[in-house]
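Numbering (this note's numbering), first residue to last: 833 to 1020.
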Ligand SMILES: [Zn+2]
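Here it is in structure tokens:
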């Protein structure tokens, strides 16, 4: 059971496809790394970014994002949260989709300029829905929010308990190391 679960988790990689530009600018935040327990990637320029639900997205994903948003807000001392916009031109989109042939369960893809995400899209893979419990999905959504806020996937098993662990995910939320990374970017 345990091995089966682990196998599922590994197969169902929570991948973030982000080619991180290494250009240095005045706004580039540096530091972090696997040994620090957090990795920095380009972040949304806004501490409270707007997003738009792609039409047709299942209520299940909307509820997961709502939970994730509540977790993130309280676990960052009421600093980081998403704001739901009804205006499509926000350029940040969230959607439920179905990609049975893919290994990812949820991901954020983005267009970046130096250390900022210019626009991003968060996707939940409905084909993997049964692999996780409802509660786990809420934390997976929070992990994806972590990407928007500038944290990359951790790969080392020593980081398996962190929110940003890229394989199984930490279902208990933001850990002290995740928080150090978020504070590095946002300064709260
Ligand atoms: Zn990830």
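Even glycine gets a Cβ: it sits at the ideal position worked out from N, Cα and C.
Mind checking which residues open and close the alpha helix (DSSP H) that includes residue 966? Numbered from its first residue, the chain shown carries residue 966 at position 134. Per DSSP, residue 966 belongs to the alpha helix (DSSP H) from 966-980.
State the start and end residues of the unbroken alpha helix (DSSP H) segment that holds residue 942. On the chain shown, position 110 is the one that residue 942 refers to. That residue, residue 942, is in no alpha helix (DSSP H); its beta strand (DSSP E) goes 938-945.
Using only the alpha-carbon positions, how far apart do residue 857 and residue 948 sit? As a working note, residue 857 is residue 25 in the chain shown. As a working note, residue 948 is residue 116 in the chain shown. For residue 857, the predicted structure reports a pLDDT of 41, less than 50, and the residue's modelled location is therefore unreliable. The matter cannot be settled from this model.
Alpha-carbon to alpha-carbon, residue 936 and residue 930: Numbered from 1 along the chain shown, position 98 holds the residue referred to as residue 930. Numbered from 1 along the chain shown, position 104 holds the residue referred to as residue 936. Their backbone Cα atoms lie some 11 Å apart in a straight line.
Would you kindly check if the distance between the Cβ of residue 944 and the Cβ of residue 884 is under 9 Å? The sequence position of residue 884 within the chain shown is 52, counting from 1. The sequence position of residue 944 within the chain shown is 112, counting from 1. No.
Measure the alpha-carbon distance for residue 865 versus residue 871 and round it to whole angstroms. Your numbering for residue 865 matches position 33 in the chain shown. Your numbering for residue 871 matches position 39 in the chain shown. Taking the straight line from one Cα to the other gives about 5 Å.
Who are the Cβ neighbours of residue 988 in its own chain at under 6 Å, not counting the five residues just before and after it? In the chain shown, the residue the question calls residue 988 occupies position 156. Excluding residues within five positions, the ones whose Cβ falls inside 6 Å are 866.
For residue 914 and residue 901, which I take to be in contact (beta-carbon distance under 8 Å), what is that distance rounded to the nearest angstrom? For the purposes of this step, residue 914 is taken as the residue at position 82 of the chain shown. For the purposes of this step, residue 901 is taken as the residue at position 69 of the chain shown. That pair is a contact at about 5 Å.
In terms of alpha-carbon separation, which member of 862, 917 and 926 lies closest to residue 890? Residue 890 sits at position 58 when you count from the first residue of the chain shown. Residue 926 is the option with its Cα nearest to residue 890.
Quick one: Cα of residue 855 to Cα of residue 950, how far? In the chain shown, the residue the question calls residue 855 occupies position 23. In the chain shown, the residue the question calls residue 950 occupies position 118. Model confidence at residue 855 stands at a pLDDT of 40, short of 50, so the residue's coordinates are unreliable; what they give is reported in the following sentence. For residue 855 and residue 950, the distance between alpha carbons rounds to 15 Å.
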